[in-house]
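Residue numbers (full-length UniProt numbering): 1 to 165.
Note that CB positions come from ideal geometry on N, CA and C, so glycine has one too.
Report on the following structure.
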């Protein structure tokens, strides 16, 4: 496993949006999280201005590696069309270990995040899900998320689900 997996996937949200970060722990440690971004556009600017320079310093390219870890981080930030961000300015990421079988816990975390985003002015939220992740697609659909973009319409493979708040 790459040493920068946590900084790449979770770090920007935890560092720049801690008020929208909900972490679930059990007796063995962290077993799930729901992370949110209130305004994706301003987050992307802040990420480029402060997070990415720090990560470039921390994870310089090694040897002949032309595709550095920081390039992967930048790609993870994604490009989203204005038409999406107009209606769904907020983004969320939901992760839970497979051992977490009680979906009510994930639902509670997600509800807390959606409440916080709405209370701070968000009108809608979106998330990306791999089309093969049937369990997550079903879970989010039951909570009112609808498919709004598919991989063919963008440079990434995931399905984008959205929900108005």
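| Query | Result |
| --- | --- |
| Report yes if the C-beta distance between residue 158 and residue 125 is below 7 Å; otherwise report no. | no |
| Give me the Cβ distance between residue 36 and residue 116, rounded to the nearest whole Å; I'm assuming they're in contact under 8 Å. | 7 Å |
| Can you tell me which of 98, 136, 31 and 91 puts its alpha carbon nearest to the alpha carbon of residue 165? | 91 |
| When we look at the beta-carbon of residue 29 and count the other beta-carbons within 10 Å, is it buried (16 or more) or exposed? | exposed |
| Is the distance from the Cβ of residue 149 to the Cβ of residue 22 below 7 Å? | no |
| Can you give me the Cβ contacts of residue 85 inside the same chain, cut-off strictly under 8 Å, excluding the 5 residues immediately before and after it? | 40 and 41 |
| Ends of the beta strand (DSSP E) at residue 126? | 124-129 |
| By Cβ distance below 6 Å, which residues in the same chain neighbour residue 106 in space, the five residues on each side in sequence not counted? | 96 |
| How would you call residue 104, buried or exposed, if buried means at least 16 neighbouring beta carbons within 10 angstroms? | exposed |
| Would you tell me roughly how many angstroms separate the C-alpha atoms of residue 44 and residue 89, rounded to the nearest one? | 12 Å |
| Apply the 10 Å Cβ neighbour rule to residue 134 and answer buried if 16 or more other Cβ atoms are within range, or exposed otherwise. | exposed |
| Beta strand (DSSP E) containing residue 102: first to last residue? | Looking at the DSSP string, residue 102 is not in any beta strand (DSSP E), and its letter there is neither H nor E. |
| I'd like the list of long-range same chain contacts for residue 140, defined as Cβ closer than 6 Å, with 5 residues on each side in sequence excluded. | 161 |
| In this structure, how does DSSP classify residue 26 when only helix, strand and coil are distinguished? | strand |
| Starting from residue 11, trace the alpha helix (DSSP H) both ways and give me its first and last residue. | 11-16 |
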